[in-house]
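Just so you know, the sequences run in chain order E and D. Read in order, the letters of the first sequence are residues 249 to 374 in the numbering used here. Read in order, the letters of the second sequence are residues 249 to 374 in the numbering used here.
There are 2 protein chains.
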Amino acid sequence: MARPKAKELTERELEIMQVFCDHGELTPQDVRDRLAEAGRDLAYTTVATLVRILLEKGFVRQTTDERPFRYEPARSFDEVSNNLVNDLLSRVFGGSTEKLLVSLLDRKKLSKKERETLQRILDEQK
Amino acid sequence: MARPKAKELTERELEIMQVFCDHGELTPQDVRDRLAEAGRDLAYTTVATLVRILLEKGFVRQTTDERPFRYEPARSFDEVSNNLVNDLLSRVFGGSTEKLLVSLLDRKKLSKKERETLQRILDEQK
DNA sequence: TACGATTAAATCAAATTTGGTTATTTAGTT
DNA sequence: AACTAAATAACCAAATTTGATTTAATCGTA
C-alpha cells in the first residue's frame with residue numbers, strides 16, 4: 249500500500265519556502281547560500297530540485313526565463329503558516345481553535361508583552 | 249541520502265494514540281474497531297504493528313502478558329499534543345508563541361464563549 | 001561571424017531510509 | 001485440529017539528497 253503524500257509542505261520544503269518569504273526574489277544558488285548560513289548545508293542540486301518542487305506545487309513562481317532562473321514566493325507566509333496550523337488543528341485538536349489556545353495558555357506563563365498583545369486583540373474583538 | 253525520521257508522532261501513530269487517550273486500556277483489535285468507527289478502516293495487522301511501534305517509542309505500555317495483550321497510554325494527551333505544538337512552533341514560527349497566538353487570533357473572530365475563556369485565563373496570569 | 005572551449009546552471013537518474021500497509025508465519029489457547 | 005492473536009517479512013510510494021549528464025551562455029580565437 250502506497251504511503252500517502254504529505255498534505256502540507258514537508259520540513260525541507262518549508263525551510264526553503266521560508267527563505268523565499270524572508271528575501272523575496274532569489275536564484276536557487278541564493279537559496280542554497282541562505283540555507284547554509286542558517287546551518288543547513290545542502291548541495292546546489294538538492295536545493296534546485298526542491299525549488300522546482302515548490303514551483304510545481306505552486307508555492308513559488310519563476311520570474312525570468314534566462315539563466316540563472318529567479319523565483320519569488322507565489323504565496324504569503326501567512327497563507328503557508330495558516331495551512332500548517334490548520335493541519336495541526338484538525339489532526340490534534342479536532343479543528344478546535346479554542347482547544348489549541350487553551351493548550352498554549354495553560355502551559356506557560358505568558359510574558360507581559362504577550363499578555364498585552366493578546367489583551368489588545370481580545371479588546372478589538374469586543 | 250536517507251529520508252529523515254519523523255521527530256514527532258506520525259499521522260497514523262497519532263490517530264492510534266488518540267484512541268488510547270480516549271478509551272484507556274485496549275487491545276489492538278479494540279483499537280482497530282475504534283478506528284474503523286471513525287472512518288479509518290485498517291487491517292488488524294496494520295494496527296497491531298503501529299501499536300507495537302508506539303510501545304517501542306514509549307507512548308503506550310503493555311498491561312498484560314496474556315493474550316490478547318492489552319495496552320494503555322504511557323503519556324497524556326496533553327503531553328503528546330504539546331510536543332506536536334512545540335514542533336510546529338519551532339518549524340514555522342521560530343519558537344514564538346506570540347506569533348502563533350497572533351496568527352490564530354487574526355484569522356477568525358472568536359465566539360463570545362471563546363473570548364471569555366481566554367479573558368479568564370489572561371486574568372489568572374496577572 | 002563562426003566555432004570551440006569553458007563555465008555555470010538546469011535536468012535527470014538513482015540511492016537510501018521512512019511511513020503506511022498487509023499477507024504470511026509463528027505462537028498460544030481451547 | 002481449529003481458531004485467535006502476535007510477530008515477521010515484504011511491498012510500495014514518499015521524502016531527501018546528490019552525482020552525473022545535459023543544456024545554455026559566455027568568452028576567446030581565427
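The beta-carbon is built from N, C-alpha and C at its ideal position, and this holds for glycine as well.
Within 10 angstroms of its Cβ, does residue i collect 16 or more other Cβ (buried), or is it exposed?
{"i": "residue 314 (chain E)", "result": "exposed"}
{"i": "residue 277 (chain E)", "result": "exposed"}
{"i": "residue 280 (chain D)", "result": "buried"}
{"i": "residue 327 (chain E)", "result": "exposed"}
{"i": "residue 362 (chain E)", "result": "buried"}
{"i": "residue 359 (chain E)", "result": "exposed"}
{"i": "residue 282 (chain E)", "result": "buried"}
Who are the Cβ neighbours of residue i in its own chain at under 7 Å, not counting the five residues just before and after it?
{"i": "residue 323 (chain E)", "result": "307"}
{"i": "residue 311 (chain D)", "result": "273, 318, 319 and 320"}
{"i": "residue 302 (chain D)", "result": "261, 264, 265 and 308"}
{"i": "residue 345 (chain E)", "result": "337"}
{"i": "residue 335 (chain D)", "result": "255 and 256"}
{"i": "residue 271 (chain E)", "result": "282"}
{"i": "residue 305 (chain D)", "result": "none"}
{"i": "residue 341 (chain E)", "result": "347 and 348"}
Note down, in chain order, each residue of its chain lying with its Cβ closer than 8 Å to the Cβ of residue i, except the 5 sequence neighbours on either side.
{"i": "residue 275 (chain E)", "result": "316, 317, 318 and 319"}
{"i": "residue 369 (chain E)", "result": "none"}
{"i": "residue 343 (chain D)", "result": "337"}
{"i": "residue 366 (chain D)", "result": "358"}
{"i": "residue 329 (chain D)", "result": "none"}
{"i": "residue 284 (chain D)", "result": "290"}
{"i": "residue 299 (chain D)", "result": "264, 276, 279, 308 and 319"}
Who are the near neighbours of residue i in its chain, counting only those whose CB is closer than 6 Å to its CB and skipping five residues on each side?
{"i": "residue 391 (chain D)", "result": "The first residue shown for chain D is 249 and the last is 374, placing residue 391 (chain D) beyond what the model contains."}
{"i": "residue 267 (chain D)", "result": "279 and 282"}
{"i": "residue 325 (chain D)", "result": "269"}
{"i": "residue 331 (chain D)", "result": "256"}
Cβ contact (3+ pairs, closer than 8 Å) linking the region 288 to 300 of chain D and the region 347 to 360 of chain D: For the pair of segments examined, the region 288 to 300 of chain D was found not to touch the region 347 to 360 of chain D: the number of CB pairs separated by less than 8 Å stays below three.
Enumerate, from N- to C-terminal direction, the unbroken alpha helix (DSSP H) stretches of 4 or more residues contained entirely within the region 272 to 325 of chain E. List check, alpha helix (DSSP H) in window: 276 to 285 and 292 to 304.
Those runs of the alpha helix (DSSP H) which lie wholly inside the region 339 to 373 of chain D and span at least 4 residues: Here the runs fully enclosed are 345 to 354 and 360 to 372.
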